[in-house]
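Trainee: Structure incoming, see below.
There are 2 protein chains.
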Amino acid sequence: MGTGLFWDMLAGRTPMPPAAATLGWKLREVDAEAGTIEVEFEATAAFANPAGHVQGGFLAAMLDDTMGPALAATLGPGQFAPTLDLHVQFLRVAWPGTLVGRASVVRRGKQVCHLKGELLDGSGRLVATAIATAMVQSGERMNRVRTSPVG
Amino acid sequence: MGTGLFWDMLAGRTPMPPAAATLGWKLREVDAEAGTIEVEFEATAAFANPAGHVQGGFLAAMLDDTMGPALAATLGPGQFAPTLDLHVQFLRVAWPGTLVGRASVVRRGKQVCHLKGELLDGSGRLVATAIATAMVQSGERMNRVRTSPVG
């Protein structure tokens with residue numbers, strides 16, 4: 006077990022982030038040393054597009070909330086790693102229900118980290134894949150960097 | 006006024022898609038001929054990450070629900086244009102509250118369409134930008150293509 010926010014949440018010392026609760030986030034397994042995670046989501050009818058499928062943006066949110074925790078499991082106390090860049094490819098439609106997210110840390114830099122993830126439906130079919138870049142920051146540094154104009 | 010699903014929704018002939026309602030989607034202005042749209046969202050506390058900011062994935066969902074409607078406004082009855090690919094860059098944090106989405110259709114192909122969008126906070130500061138690729142399909146074709154294995 007680690008000591009950062011992710012582990013505090015798993016241990017019940019910190020409440021689940023609202024975004025994760027909204028997405029029906031549940032941990033299946035995590036290996037911080039290997040940088041891998043498997044989680045599940047409960048896509049509700051509130052996430053549906055006009056065709057009744059889960060809107061792509063919510064699938065993106067789930068992928069972000071799979072890759073983010075894979076990295077979060079490696080963070081120490083007071084560290085945070087906001088996503089800087091997220092690229093999602095939608096392979097097939099997903100219906101409301103349980104979806105499974107798998108992600109791994111491709112490269113764990115001291116600050117810049119590269120992540121990849123995939124989302125599967127209840128039948129194990131690949132729904133969407135994603136890559137993301139995140140940056141490890143302390144709470145103070147995070148606020149300073151992320152609330153200032155960029156580039 | 007057009008004749009597709011987007012216009013049916015605006016006219017109240019079709020209910021708002023659940024995903025849009027969940028994101029607090031509201032139209033500010035749309036110009037189907039120019040391929041531009043401006044919408045607003047209401048980011049609730051339910052979208053927050055552990056730091057209290059809107060989780061990046063929900064910002065991605067908002068961008069998808071800005072670019073998608075920019076294209077949807079150009080569609081005819083029975084047409085639908087799922088997002089195939091979404092790439093988001095997160096420039097600064099956003100807090101729960103009203104966010105503004107702007108998007109335009111960069112190229113409106115017969116089938117393949119290229120879109121771009123941006124998300125601003127209540128002070129008009131750029132929060133995130135995105136590009137997306139979408140594919141215009143009829144209902145039948147959509148189901149056939151999107152529920153079959155890809156690649």
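For the protein sequence lines, the chains are A and B, in the order given. Residue numbering for the first sequence is 6 to 156, as defined by my numbering. Residue numbering for the second sequence is 6 to 156, as defined by my numbering. Quick reminder that beta carbons are idealized off the backbone N, C-alpha and C, glycines included. Please read all numbers here as calculations on a predicted model, not as lab measurements.
(1) Let me make sure I understand the geometry here. Which of B:Asp126, B:Phe63 and B:Thr19 has the alpha-carbon closest to that of Arg97 (chain B)?
(2) Taking buried to mean at least 16 other C-beta atoms within 10 Å of its own C-beta, is Ala3 (chain B) buried or exposed?
(3) Classify Thr79 (chain A) as helix, strand or coil using the three-state DSSP reduction.
(4) Closest to Gln116 (chain A) by C-alpha separation, out of A:Met140, A:Asp36 and A:Gly106, would be which residue?
(5) Counting only beta-carbon atoms, is Gln60 (chain B) nearer than 9 angstroms to chain A?
(6) DSSP on Leu15 (chain A), reduced to helix/strand/coil?
(7) Kindly indicate if chain A contains any beta-carbon less than 9 angstroms away from that of Gly127 (chain B).
(8) Could you name the residues of the same chain whose beta carbon sits closer than 6 angstroms to that of Gly29 (chain A), not counting the 5 residues immediately before and after it, in chain order?
(9) Nearest chain B C-beta to Ala24 (chain A) closer than 9 angstroms, yes or no?
(10) Could you list which residues in chain B have their beta carbon closer than 7 angstroms to that of His92 (chain A), in chain order?
(11) Starting from the beta carbon of Phe46 (chain B), find every residue of chain A whose beta carbon is closer than 9 angstroms, and list them in chain order.
(12) How far does the beta strand (DSSP E) with Ala133 (chain A) in it extend, from its first residue to its last?
(13) Alpha carbons only, please: which of A:Gly9, A:Ala86 and A:Met14 is nearest the one belonging to Ala25 (chain A)?
(14) Between the stretch 66-85 of chain B and chain A, which residues of the former have a C-beta closer than 9 angstroms to a C-beta of the latter?
(15) In this structure, how does DSSP classify Ala56 (chain B) when only helix, strand and coil are distinguished?
(16) Strictly under 9 angstroms for the Cβ-Cβ distance: is Leu104 (chain A) near chain B by that measure?
(17) Would you grab the beta carbon distance between Pro101 (chain A) and Ala50 (chain A) for me? Rounded to a whole angstrom, and I think it's under 8 angstroms.
(18) Please name the residue, chosen from A:Leu76, A:Arg18 and A:Arg33, that lies closest to Gln142 (chain A) on a Cα-to-Cα basis.
(19) Pick out whichever of A:Gly7, A:Leu10, A:Gly57 and A:Glu34 has its Cα sitting closest to the Cα of Pro20 (chain B).
(20) Short of 6 angstroms in beta carbon distance, which residues of its chain neighbour Val105 (chain A), apart from the five on each side in sequence? Order them along the chain.
(21) Relative to the alpha-carbon of Pro23 (chain A), which residue among B:Thr88, B:Gly62 and B:Leu120 has its alpha-carbon at the smallest distance?
(22) Within the continuous alpha helix (DSSP H) that includes Thr27 (chain B), where are the two ends?
(23) For the beta strand (DSSP E) that Ser109 (chain A) lies in, which residues bound it at each end?
(24) Flag this pair as yes or no: are the beta carbons of Leu120 (chain A) and Ala65 (chain B) separated by less than 9 angstroms?
(25) Between which residues of its own chain and Glu43 (chain B) is the CB-CB distance below 6 angstroms, once the five residues before and five after are set aside?
(26) In whole angstroms, give me the CA-to-CA distance for Ala16 (chain B) and Pro82 (chain B).
(27) Take Thr79 (chain B) and list the residues in its own chain whose beta-carbon comes closer than 7 angstroms to its own, dropping the five residues that flank it on each side.
Mentor: On the basis of the supplied data:
(1) Among B:Asp126, B:Phe63 and B:Thr19, the Cα nearest to that of Arg97 (chain B) is on B:Asp126.
(2) The structure shown does not extend to residue 3 (chain B), since chain B is modelled only from 6 to 156, so the question has no answer here.
(3) Reduced to three states, the DSSP call for Thr79 (chain A) is coil.
(4) Comparing Cα-Cα distances from Gln116 (chain A) to each of A:Met140, A:Asp36 and A:Gly106, the minimum goes to A:Met140.
(5) So, interface residue.
(6) Three-state result, Leu15 (chain A): helix.
(7) Gly127 (chain B) does not count as touching chain A.
(8) Cβ neighbours of Gly29 (chain A) beyond the five flanking positions: Phe46 and Glu47.
(9) Yes, Ala24 (chain A) lies at the interface with chain B (some Cβ there is under 9 angstroms from its Cβ).
(10) When 7 angstroms is used as the limit between beta carbons, His92 (chain A) is near these residues of chain B: His92, in chain order.
(11) None at all; the shortest Cβ gap to chain A is about 11 angstroms.
(12) Counting along the chain, the beta strand (DSSP E) containing Ala133 (chain A) begins and ends at Leu131 to Met140.
(13) It is A:Met14.
(14) For the stretch 66-85 of chain B, the residues whose beta carbon sits under 9 angstroms from a beta carbon of chain A are, in order, Ala66, Met67, Leu68, Asp69, Asp70, Gly73, Ala77 and Phe85.
(15) Three-state result, Ala56 (chain B): coil.
(16) Closer than 9 angstroms: no.
(17) Between Pro101 (chain A) and Ala50 (chain A) the beta-carbon gap is near 5 angstroms, inside 8 angstroms, which marks them as a contact.
(18) Considering only A:Leu76, A:Arg18 and A:Arg33, the residue with the shortest C-alpha distance to Gln142 (chain A) is A:Leu76.
(19) The shortest C-alpha separation from Pro20 (chain B) is found at A:Gly57.
(20) Beyond the five residues adjoining it in sequence on each side, Val105 (chain A) comes within less than 6 angstroms, by CB distance, of Glu45 and Leu125 in the same chain, given in chain order.
(21) Comparing Cα-Cα distances from Pro23 (chain A) to each of B:Thr88, B:Gly62 and B:Leu120, the minimum goes to B:Gly62.
(22) Looking at the DSSP string, the run of the alpha helix (DSSP H) that includes Thr27 (chain B) is Pro23 to Thr27.
(23) Where Ser109 (chain A) is concerned, the enclosing beta strand (DSSP E) stretches over Gly102 to Arg113.
(24) No. Outside cutoff.
(25) Around Glu43 (chain B), the same chain offers Arg33, Glu34 and Arg107 as residues with beta carbons nearer than 6 angstroms, after the five sequence neighbours per side are excluded.
(26) Pairing Ala16 (chain B) with Pro82 (chain B), the inter-Cα distance amounts to about 14 angstroms.
(27) Around Thr79 (chain B): Ala37, Gly40, Val110 and Arg113.
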